[in-house]
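Presented below is the structure to which this report refers.
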Amino acid sequence: MRLRGGLAHLANNARDQGFPAPGRFLRDAFPDRVDVIEDIIAEDDRVGLLWRLTGTHTGNLYGIPPTGRRVDIHEIGLFWLADGRITEGWFMADELGLLKQLGTQLPPRKDGQSIVPPLTDAGEDGDVVVKRLMATQPTTQQDRNKLKVARSKSSFAQKEDRAARRRQQGMDAVQPARHEYAELLRLAAYRQALRNDRGQHLDLCR
Numbered sequence: 043m044r045l046r047g048g049l050a051h052l053a054n055n056a057r058d059q060g061f062p063a064p065g066r067f068l069r070d071a072f073p074d075r076v077d078v079i080e081d082i083i084a085e086d087d088r089v090g091l092l093w094r095l096t097g098t099h100t101g102n103l104y105g106i107p108p109t110g111r112r113v114d115i116h117e118i119g120l121f122w123l124a125d126g127r128i129t130e131g132w133f134m135a136d137e138l139g140l141l142k143q144l145g146t147q148l149p150p151r152k153d154g155q156s157i158v159p160p161l162t163d164a165g166e167d168g169d170v171v172v173k174r175l176m177a178t179q180p181t182t183q184q185d186r187n188k189l190k191v192a193r194s195k196s197s198f199a200q201k202e203d204r205a206a207r208r209r210q211q212g213m214d215a216v217q218p219a220r221h222e223y224a225e226l227l228r229l230a231a232y233r234q235a236l237r238n239d240r241g242q243h244l245d246l247c248r
């Protein structure tokens, strides 16, 4: 079951607009699409992937006419497993980066509105998550990262957590490195898992 498509904003914006379909896995929009996995993390019944998507935009993409431009963006995917099989998948691609590389904006709708996925507060309470993580002393950097993210979403939030995040963001703006970007994506993926955004069921292909 796909809980969220990688290009959810573009897909939702194109709904009921009569735009040509981009094809399964966007193959009509990017016939030469190539995906290269750059990082994999796993814990319990969850697996997270970071991959690089490249291709040439030669077909309609959710209302965006072919530009002939090459794209090179990152996408993350979270997978839930049961009995050795993937039962659920959640995806998020760099849609803003994609639009910038194509030199365009979100296609205008006939009704003049912009449609975006709704936010939800579903999921485990931040304080409950922090208490569970603090029950055992964090020993690895991954454990400390989890605690930091959970703490930022709870009543246990600390100023040093926000300051460290601002310093990291400043470093990325000056000299973004692949391993730093991957670490930020890990944190984002875990944060989304905490939110448990399982109420947004999309049957649209990316």
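Residue numbering for the sequence shown follows the numbering used here, beginning at 43 and increasing consecutively.
Glycine included, each C-beta is placed from N, C-alpha and C at the ideal position.
Quantities reported herein were computed from a predicted structural model and do not represent experimental measurements.
- Shown here, M134 sits in a strand according to DSSP, grouped into three states.
- For I157, the CB contacts under 6 Å within the same chain, skipping 5 residues up- and downstream, are N54, N55 in chain order.
- In the displayed model, H99 falls within coil according to three-state DSSP, outside both helix and strand.
- The C-beta separation of D77 from L95 comes to about 6 Å, placing the pair in contact by the 8 Å criterion.
- Under DSSP, the beta-bridge partners assigned to I118 are L92, M134.
- A buried status is given to L103, since no fewer than 16 other beta-carbon atoms sit within 10 Å of its beta-carbon.
- With three or more CB-CB distances shorter than 8 Å, the segment 43-50 counts as touching the segment 125-145.
- Excluding residues up to 5 positions away in sequence, N102 lie with their Cβ nearer than 6 Å to the Cβ of P62 in the same chain.
- Taking the CA atoms as reference points, G48 sits about 13 Å from F121.
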